[in-house]
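Protein chains in written order, with the numbering used here: chain Z, -17 to 316; chain F, -17 to 316.
2 protein chains.
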Amino acid sequence: MPETTRLQLAEAEDLLERVFGAAGLPPDAARSVARALVAAEAEGQVGHGFSRIADYVAQARSGKVNPAAQISIHERGPASLLIDADLGFAYPALEKALDVGLPRARDMGVCVMAIANSHHCGALSVQVEKIAAAGMIGLMVANTPKAIAPWGGRDPLFGTNPIAFATPRENGPPLVIDLSLSVVARGKVMNAKKSGGEIPLGWAFDKDGQPTTDPEAALDGSMQPIGEAKGTALALMVEVLAAAFTGSAFSRDAGSFFNAEGPAPRVGQTLIAIDPSADDGYLARVADLLNAIEGTPGARLPGARRLAAIQIARDEGICVPTLYVEQARELAGS
Amino acid sequence: MPETTRLQLAEAEDLLERVFGAAGLPPDAARSVARALVAAEAEGQVGHGFSRIADYVAQARSGKVNPAAQISIHERGPASLLIDADLGFAYPALEKALDVGLPRARDMGVCVMAIANSHHCGALSVQVEKIAAAGMIGLMVANTPKAIAPWGGRDPLFGTNPIAFATPRENGPPLVIDLSLSVVARGKVMNAKKSGGEIPLGWAFDKDGQPTTDPEAALDGSMQPIGEAKGTALALMVEVLAAAFTGSAFSRDAGSFFNAEGPAPRVGQTLIAIDPSADDGYLARVADLLNAIEGTPGARLPGARRLAAIQIARDEGICVPTLYVEQARELAGS
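In structure tokens, the structure reads:
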């Protein structure tokens, strides 16, 4: 048996749509979750792809995620929307937010979309790219279960709280930026623990707030933020925008994205779409800037690897650990 | 002669208003510049206060800054404004932006204000705090003359491109976050050069892109971004929002904020004001989060030192290097 199985993108989406249909989601929601997981897998964000299926299904079955979520949209202002995900998966709420919010942004010049009572939103790149594909500048922040302590403190209070950004680009795919505020992803520490190795100093702290090379101590402690106190200041900004502004749970109170027990994550996401099209010089200026970066020896544009991965996925399909594919087929009942 | 001179805030503002009036600015603009420099000095951001006076005046006299700037406001959409600073000082344009933009944000839920053809905007904290003082969430980005190279490259292409954020807080002053994307401010490297010392590894690179402890080599090279490639990705985001979106000069083309020669800086700033008042639980949630941080042993809220400095400045005045006060009095013709 090969370690990985190759799936074409449409085939992968069909499979996952059946998985989430079998888990009790209505067809639209099942399709939305399936598309988002496949899109993350296609761009190489495997931590937000097939690896999540088992936990997602278990959560839909245990009720930690509401499979029958009724998404509601509330107007806070002509250019400000609150989307209540009703403790369901994030992706259907994100889709509704963009469906309603992007035309607003075009009419108003900008629209802010606050998603409340939500769940793991996966690769933010997938969402902001949709804003850029519609010709607009996209910004997105999300809070996530606690992982980072306020600088100087020991106990985690913030998530790794990612920030994402995208802009359309003339004659090319959008520029997409997507980064979490920890120096490395927590998954890298988990991998080090599994393989029995150490982690470098500068990745994480133990539960006493001391730098550690022991992955187990790190998982009991907190992740190091980028830029020390600057990173926790940014994490606080994200926490206010994604949790306080949306009315969702703070990272310290959010239930885990993994396993099927405990309280719902109930995290939030905030997106801002800005229409630059009133100025017809915008796209040429962006092209000028991005060309300058691409012309810098040794440098590359953020997202360059991602674009290469997407191209391969479109041309040749995705190679997914066979374990996950078999798991998905079983969960789909096929 | 004492090294510093104590000035009350109103006295300092009056003095600087006369300085910029004598430099050819109309009264409103002179007052606006004076207030911003004094506010920065009062919060301890001395690099954005009295130390700038001589260069500002020299630039107004040489025409590098347009002392007679005619600020114009263009509506890009009901919630999107372009403010052309007409190559004058940034502060009068920032004031106009907030005067027109904040009522829009209240009506629309959000408003984006793009400031074009601008100049050094000083302490961003001063601007976003005004948004929070009006009951709204404030975001601001600015591009600045080149200092940071794309990660992996040698030549600086981005400024230190600061990001600022503020939110109102119940029963207390707004939370204000203001940070640049370099590990340390360039001024710290300049100080090390003056005092003949070395700088720690991790602050800067030489012109070949190698880490350096030599401040002179660092000033010829580039500043280290926070979070390595993550910091340059954020710097690129700021560059797109502050320069491309506003139609201003990119950091690599921006004239220096110091001295009176060369091209105008012509940088840009973008502000976003978001009204959270449609949800009457917002302020209580923010209080809950900020109280949790303040209750964390060893941690403190971003901006805590700033607030302490402002309180002292209000109660006792500011202590400014006497050299600058004498310079100001001479420039004011008094």
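The beta-carbon is built from N, C-alpha and C at its ideal position, and this holds for glycine as well. Note that this is a predicted model, so its numbers are computed, not measured.
**Request:** With DSSP collapsed to three states, give me the class of Z/L289.
**Result:** helix
**Request:** Identify, in the order they occur along the chain, each residue of the same chain with its Cβ nearer than 8 Å to the Cβ of Z/G6, setting aside the five sequence neighbours on each side.
**Result:** A42, R43, P49, A50
**Message:** Counting only beta-carbon separations shorter than 8 Å, does Z/K78 have a partner in chain F?
**Reply:** no
**Prompt:** Taking Z/G229 as the reference, which of F/G244, F/D(-4), F/Y264, F/M219 has the closest Cα?
**Reply:** F/Y264
**Item:** F/L183 burial status per 10 Å Cβ neighbour count (16 or more: buried)
**Value:** exposed
**Prompt:** Are F/N125 and F/A211 touching if we call contact CB-CB under 8 Å?
**Reply:** no
**Message:** Short of 6 Å in beta carbon distance, which residues of its chain neighbour F/G315, apart from the five on each side in sequence? Order them along the chain.
**Reply:** Scanning its chain for C-beta atoms nearer than 6 Å, with the 5 sequence neighbours on each side dropped, one finds around F/G315 the residues A4, in chain order.
**Asked** According to a CB-to-CB cut-off of less than 9 Å, which residues of the segment 203 to 221 of chain F neighbour chain Z?
**Response** P207, I208, G209, E210, A211, K212, G213, T214, A215, L216, L218, M219, E221
**Prompt:** Among F/E298, F/T252, F/A260, which one has its Cα closest to the Cα of F/L64?
**Reply:** F/T252
**Boundaries of the alpha helix (DSSP H) in which Z/P9 is found, first to last residue** = 9 to 24
**Message:** Using 8 Å for Cβ pairs, my map puts F/P74 next to F/S14. What's the rounded Cβ distance?
**Reply:** 4 Å
**Below-8 Å beta-carbon distance, F/D261 vs any chain Z residue** = yes
**Item:** Beta carbon of Z/F187 nearer than 8 Å to that of Z/G203
**Value:** Result yes, Cβ atoms of Z/F187 and Z/G203 sit closer than 8 Å.
**Message:** With DSSP as the reference, identify every bridge partner of Z/S177, one or two as the case may be.
**Reply:** Note: Z/S177 sits in no beta bridge, so no partner.
**Prompt:** The beta strand (DSSP E) with Z/F147 in it runs from where to where?
**Reply:** Per DSSP, Z/F147 is one residue of the beta strand (DSSP E) stretching across 145 to 151.
**Given Z/L93 as reference, the closest of Z/E221, Z/M122, Z/L289 once Cα atoms are compared** = Note that residue 93 of chain Z is Cys in the sequence shown here, rather than Leu. The option with the nearest alpha carbon to Z/C93 is Z/M122.
**Distance between beta carbons of Z/V158 and Z/I208, contact taken as under 8 Å** = Contact flag wrong, Cβ pair sits at about 19 Å.
**Request:** Below 9 Å between beta carbons is the criterion; list the residues of the segment 34 to 64 of chain Z that meet it against any residue of chain F, in chain order.
**Result:** H56, E57, R58, G59, P60, A61, S62, L63, L64
**Prompt:** Z/G134 touches chain F at which residues, Cβ-Cβ below 9 Å?
**Reply:** T278, P279, G280, A281, R282
**Request:** Give a yes or no on whether 8 Å exceeds the smallest Cβ distance from Z/I256 to chain F.
**Result:** yes
**Message:** Under 8 Å, CB to CB, which of the residues in the segment 225 to 239 of chain F have a partner in chain Z?
**Reply:** A225, A226, F227, G229, F232, R234
**Asked** List, in order along the chain, the chain F residues whose C-beta lies closer than 7 Å to that of Z/F147?
**Response** M219, listed in chain order.
**Asked** So is Z/L271 in contact with chain F if we call contact Cβ pairs under 8 Å?
**Response** It does; some Cβ of chain F falls within 8 Å.
**Spatial distance of Z/G343 from Z/H101 (CA atoms)** = Residue numbering for chain Z in the displayed model covers -17 to 316; residue 343 of chain Z lies beyond these limits and cannot be assessed.
**Residue range of the beta strand (DSSP E) that includes F/L64** = 62 to 66
**Message:** Mapping the DSSP letters down to three states, classify F/M95 as helix, strand or coil.
**Reply:** strand
**Item:** Cutoff 7 Å; reference Z/L305; Cβ partners in own chain excluding five residues on either side
**Value:** none
**Message:** Less than 8 Å between CB atoms is the rule here; does F/I97 satisfy it with respect to chain C?
**Reply:** Annotation note: the requested chain C is absent from the structure, which comprises protein chains Z and F.
**Cβ-based neighbour list, F/A12, same chain, cut-off 6 Å, excluding 5 preceding and 5 following** = E(-1), F2, G3
**Request:** Kindly provide the ranges of any beta strand (DSSP E) runs that are 3 or more residues long and lie completely inside the segment 218 to 281 of chain Z, ordered along the chain.
**Result:** 249 to 256
**Request:** Leaving aside the five residues before and after F/K78 along the sequence, list all residues of the same chain whose C-beta is less than 7 Å from its C-beta, in chain order.
**Result:** I53, I55, I65
**Message:** Residues of chain Z with CB closer than 9 Å to the CB of F/G120, please, in chain order.
**Reply:** Simply none; closest approach about 11 Å.
**8 Å Cβ cutoff, F/Y73 in contact with chain Z** = no
**Asked** What are the boundary residues of the alpha helix (DSSP H) that F/R0 is part of?
**Response** -9 to 4
**Request:** Would you verify that the beta carbon of F/I275 is, or is not, closer than 8 Å to some beta carbon of chain Z?
**Result:** yes
**Asked** So which residues on chain Z does F/Y264 lean against when the C-beta distance must stay under 8 Å?
**Response** A226, F227, G229
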